[in-house]
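From first to last, the protein sequence lines stand for chains A and B.
Using our numbering, you'd call the opening residue of the first sequence number 3 and step up by one each time.
Using our numbering, you'd call the opening residue of the second sequence number 13 and step up by one each time.
Glycine included, C-beta positions come from ideal geometry on N, C-alpha and C.
First the structure, in the form of structure tokens, and then the observations on it.
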Amino acid sequence: MIRLEGVAKIYKDSVVALREVSVDIQKDEFVFLVGPSGSGKSTFMKLLLKEEEPTEGRIYVAGKDINQLPKWRVPYLRRNIGCVFQDFKLLPSKTVRENVAFALEVIGRPRHVIQESVPEILDLVGLSDKLENKPDELSGGEQQRVCIARAMVNRPRILLADEPTGNLDPATSGDIMRLLERLNETGTTVMMATHDHAIVDQSRKRVIELENGKIIRDQNRGVYGPGSVE
Amino acid sequence: MTSRLSYFVGETVINLRRNTLLTLAAISTVTISLLLVGSVMVGGEILKKAFSTWESKVELSVFLRDEITPDQFKQLDQDISTMPEVGRRFYESQEAAFKEYQRMFKDSPALTDNIEPDALPASFRIKLKDPRAAKAVAARINGRPGVDGNVQFGGETLDRLLKFIRVVRTGLIVAIVLTVGAAILLIANTIRLGIYARRREIGIMKLVGATNWFIRVPFIFEGITHAVLGAIAASGVIWAGKEFGLDRAQESILFLPITIGGGSVLKIFLVLLGAGVVIGALGSTLALRRFLEV
Numbered sequence: 003m004i005r006l007e008g009v010a011k012i013y014k015d016s017v018v019a020l021r022e023v024s025v026d027i028q029k030d031e032f033v034f035l036v037g038p039s040g041s042g043k044s045t046f047m048k049l050l051l052k053e054e055e056p057t058e059g060r061i062y063v064a065g066k067d068i069n070q071l072p073k074w075r076v077p078y079l080r081r082n083i084g085c086v087f088q089d090f091k092l093l094p095s096k097t098v099r100e101n102v103a104f105a106l107e108v109i110g111r112p113r114h115v116i117q118e119s120v121p122e123i124l125d126l127v128g129l130s131d132k133l134e135n136k137p138d139e140l141s142g143g144e145q146q147r148v149c150i151a152r153a154m155v156n157r158p159r160i161l162l163a164d165e166p167t168g169n170l171d172p173a174t175s176g177d178i179m180r181l182l183e184r185l186n187e188t189g190t191t192v193m194m195a196t197h198d199h200a201i202v203d204q205s206r207k208r209v210i211e212l213e214n215g216k217i218i219r220d221q222n223r224g225v226y227g228p229g230s231v232e
Numbered sequence: 013m014t015s016r017l018s019y020f021v022g023e024t025v026i027n028l029r030r031n032t033l034l035t036l037a038a039i040s041t042v043t044i045s046l047l048l049v050g051s052v053m054v055g056g057e058i059l060k061k062a063f064s065t066w067e068s069k070v071e072l073s074v075f076l077r078d079e080i081t082p083d084q085f086k087q088l089d090q091d092i093s094t095m096p097e098v099g100r101r102f103y104e105s106q107e108a109a110f111k112e113y114q115r116m117f118k119d120s121p122a123l124t125d126n127i128e129p130d131a132l133p134a135s136f137r138i139k140l141k142d143p144r145a146a147k148a149v150a151a152r153i154n155g156r157p158g159v160d161g162n163v164q165f166g167g168e169t170l171d172r173l174l175k176f177i178r179v180v181r182t183g184l185i186v187a188i189v190l191t192v193g194a195a196i197l198l199i200a201n202t203i204r205l206g207i208y209a210r211r212r213e214i215g216i217m218k219l220v221g222a223t224n225w226f227i228r229v230p231f232i233f234e235g236i237t238h239a240v241l242g243a244i245a246a247s248g249v250i251w252a253g254k255e256f257g258l259d260r261a262q263e264s265i266l267f268l269p270i271t272i273g274g275g276s277v278l279k280i281f282l283v284l285l286g287a288g289v290v291i292g293a294l295g296s297t298l299a300l301r302r303f304l305e306v
């Protein structure tokens, strides 16, 4: 589903963000991307979304070589990838329902599809009783559920989560993890960048560790690792 | 498709409301620039009318000396009638001139009482096939034996008028260029602020895979709305100017055409609307040019 071959990313001011990165992630996999701040996790995700271009190497997403992808096709690439953030990025003036519907409206989905799938996905994340609430009336965990619902409402094949539990307490983090695992079980490839030792150690999933832009560990059923800071 | 259109319209309305003051400034700048464009067009319409009236009326008057000899008279008559530019010509004797004078001023005895029948010169009146040849024909007749003074055709007044119009028109065109430029920049600026205010939404739109055009359309609609409202306002002012200004003035000045028809107003409105759409589209394009790099 995601394959990187010898990828390097060097920014204009000759800062090396990634080098010699080769990874192959299968459909149905759940992968943790770990490593200290500045190790290249964000750049990794940006490359998959084609927000940045690699300096070297090839990147395949859902079987397509995205280096070759023309600019105007990028939005269609992104419709295959859902994104979840540490700070949720919800629109404060819109209700929960509107926030999720927005993701479908702006890619031009017909109204009847929106009316059907928005309550459905919000039910899946356990928020069917908060449809008409504004984000600031929700707890952090609930806001993250809205964010996940928004990422998933278009049924993308890949879900990228950047520190999704970074702002949440351990119990709530556990809830969010269970939700992500459920989505993974329904066939979504999940890649989650995190600093959260407890979650990684508990889940026992594939762990890719980055340090100074290089992959120093790629381990199935791994733990966060003793060598890491934080 | 309908949901998409209602989305675009809704977003456009939100954009227009977001910064009322700036929106009004953009609209009024468009109004002013289009008002200037419209004024030039109104002036053009009036001139066109005035010229066609003037062309049908233009007439050379060749005044004859009282002591002209029959030979000179015959020669002159023949020369004039063989000029290719000359359409019709007729001779007005002193007597006929006197009668015409009395007819013209029959209500002003002060002007007619003290005038002798032989005070007015006899003349040839010439109608030209093409009034624009007046100057050349006059030059050829001037100075011939028996001709008194210069041939009269109102040419100098016309020259001066044309020169004046040219100066005014140049000034107006400069003003139009400047105000159109200002309008485009103001629209661009208004839209840019709108984009800034909505950067969170735009960020999410890009992330979930909205196409660039989908993101741009509401902003383009916004720019075009500014310009179309400006065009409507400018046309309204021009219509009011015609209805309450020119038409009223025309009632008291009968001999010169100074107003325009309703058809011309409609034509001007359509041109301004078209110009407005172009201005709005340019303003939006300018605002969107550097934004939305995926």
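Just the Cα atoms here: how many angstroms apart are Leu129(A) and Arg301(B)? 40 Å
Enclosing beta strand (DSSP E) for Leu140(B) [first to last residue]: Ser135 to Leu140
Distance check for Gln262(B) and Leu72(B), CA to CA, integer angstroms please. 28 Å
By the three-class DSSP mapping on this structure, what secondary structure does Ile12(A) have? strand
Do Ile160(A) and Val63(A) come within 9 Å of each other at the CB atom, strictly closer than that value? yes
For chain B, check one thing: does any of its Cβ atoms lie closer than 9 Å to the Cβ of Ala195(A)? no
Residue closest to Val283(B), alpha-carbon to alpha-carbon, out of Leu47(B), Glu255(B) and Pro129(B): Leu47(B)
Relative to the C-alpha of Thr124(B), which candidate in Thr81(B), Phe110(B) and Thr24(B) has its C-alpha closest? Phe110(B)
Using a Cβ-Cβ cut-off of 9 Å, state whether Ser16(A) counts as contacting chain B. no
Determine contact between the region 119-139 of chain A and the region 49-59 of chain A, defined as no fewer than three beta-carbon pairs at a distance below 8 Å. no
Under three-state DSSP, which class holds Gly59(A)? strand
DSSP state of Lys111(B), grouped into three classes? helix
Pull the bridge partners of Gly84(A) from the DSSP assignment, please. Leu161(A)
C-alpha gap between Phe104(A) and Val120(A), whole angstroms: 10 Å
Determine which residues of the region 211-230 of chain B have a Cβ less than 8 Å from any Cβ of chain C, and write them out in chain order. Here chain C cannot be found, since the structure's protein chains are A and B.
Does the beta carbon of Val108(A) come closer than 9 Å to any beta carbon on chain B? yes
Express the C-alpha separation of Ile109(A) and Thr223(B) in angstroms, rounding to a whole number. 7 Å
In this structure, how does DSSP classify Val231(A) when only helix, strand and coil are distinguished? Because Val231(A) sits at a pLDDT of 43, beneath the cut-off of 50, its placement in the model cannot be relied upon, and the following sentence gives the value as read from the coordinates. Note: Val231(A) maps to coil in three-state DSSP.
At what residues does the alpha helix (DSSP H) containing Val23(A) begin and finish? Premise fails: Val23(A) lies in the beta strand (DSSP E), Val18 to Ile27, not in any alpha helix (DSSP H).
Compare the C-beta of Tyr208(B) against all C-beta atoms of chain A and say whether one is closer than 9 Å. no
Note down, in chain order, every chain B residue with its Cβ under 8 Å from the Cβ of Leu93(A). Arg212, Glu213 and Ile216
DSSP state of Val54(B), grouped into three classes? helix
Let's test the definition: count the other Cβ atoms within 10 Å of the Cβ of Ala38(B) and tell me whether it reaches 16, buried, or not, exposed. buried
Does Arg301(B) come within less than 9 Å of chain A when only Cβ atoms are used? no
Counting pairs of beta carbons, one from the region 188-198 of chain B and one from the region 291-300 of chain B, are three or more of them closer than 8 Å? yes
9 Å Cβ cutoff, Pro77(A) in contact with chain B: yes
Does DSSP put Met154(A) in a helix, in a strand, or in coil? helix
Beta-carbon within less than 7 Å of Gln145(A)'s beta-carbon, same chain only, minus the 5 sequence neighbours each way: which residues are those? Phe90, Leu92 and Pro137
Per-residue burial, Met194(A) [other beta carbons within 10 Å of its own, 16 or more giving buried]: buried
Which residue comes first and which comes last in the beta strand (DSSP E) that contains Gly242(B)? Looking at the DSSP string, Gly242(B) is not in any beta strand (DSSP E); the run it does join, the alpha helix (DSSP H), is Asn224 to Ala252.
Please decide whether Val306(B) counts as near chain A, where near means a Cβ-Cβ distance under 9 Å. Low confidence applies to Val306(B): its pLDDT is 42, below 50, so where it sits in the model is not reliable, and the reading given next is rough at best. Yes, contact with chain A.
Evaluate the contact criterion for the region 201-208 of chain B versus the region 246-262 of chain B: three or more CB pairs, one atom per stretch, below 8 Å. no
Would you report the Cα separation of Glu104(B) and Arg152(B), rounded to the nearest angstrom? 20 Å
Just tell me which of Leu71(A), Tyr78(A) and Leu212(A) has its CA closest to the CA of Glu22(A). Leu212(A)
Buried or exposed (CB count within 10 angstroms, at least 16 for buried), Ala287(B): buried
Helix, strand or coil at Ile116(A) [DSSP, three-state]: helix
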